[in-house]
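Residue numbers (the UniProt record's numbering): 1 to 182. All residues carry an ideal CB built from backbone N, CA and C; glycine is no exception. Every value quoted in this text rests on a predicted model; they were computed, and no experiment measured them.
The following block contains the structure:
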């Protein structure tokens, strides 16, 4: 430890080796590839690279903010952007299953229609949501008459993507892959 501690005035300044932190430099960051590989095998991570009150998902290597407020889609997206994130972009059924432990009602996620095509509206992930994707609820997405935003909608036993009018006020999920704790 002595190699890593410098005394500047009456303040100790610690410089730990890359990928470690803590008083004795024994905390290993989840952000380093070798640690991530080990953690993925264990499916747990005791170190969160997310800001306080955000939730880390090791499988997506992302941080999530599940807001308790209700807002329209545009307002929810602006709130997420103010936090350095965007409304959540969903990449798999496993991700939805993981999110289900934190939600019990329909919530906004980051999909929105443009030119009769749904896309994830994120600076990190701006891809089309294929109409035949298994992430959609059966018979969705619907017609483009007034349903332009995407929610995680509760169905019999699980949540799936569903399109609905953007003006409804709902809780929402923000997501970022820019991990501040790394």
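CA-to-CA distance, residue j to residue i, given in whole angstroms
| i | j | result |
| --- | --- | --- |
| residue 67 | residue 81 | 13 Å |
| residue 137 | residue 153 | 8 Å |
| residue 100 | residue 125 | 21 Å |
| residue 59 | residue 91 | 11 Å |
| residue 156 | residue 122 | 29 Å |
| residue 118 | residue 98 | 23 Å |
| residue 44 | residue 179 | Note that residue 44 has pLDDT 48, beneath the 50 cutoff, so the model's placement of it is unreliable and the number below is only indicative. Roughly 17 Å separates the two Cα atoms. |
Residue burial classification, residue i (beta-carbon count within 10 angstroms, cutoff 16)
| i | result |
| --- | --- |
| residue 95 | buried |
| residue 115 | exposed |
| residue 163 | buried |
| residue 18 | Low confidence applies here, because residue 18 scores a pLDDT of 48, under 50, leaving its location unreliable and the question unanswered by this model. |
Simplified DSSP assignment, three categories, for residue i
| i | result |
| --- | --- |
| residue 173 | strand |
| residue 78 | helix |
| residue 61 | coil |
Cβ-Cβ separation, residue j to residue i (assumed contact under 8 Å), whole Å
| i | j | result |
| --- | --- | --- |
| residue 87 | residue 135 | In fact, because the Cβ distance is near 15 Å, the residues do not count as touching under 8 Å. |
| residue 72 | residue 168 | 7 Å |
| residue 107 | residue 170 | 6 Å |
Uninterrupted alpha helix (DSSP H) stretches inside the UniProt domain "C-type lectin" (63 to 175) (no shorter than 4 residues): You should have 73 to 82, 93 to 99.
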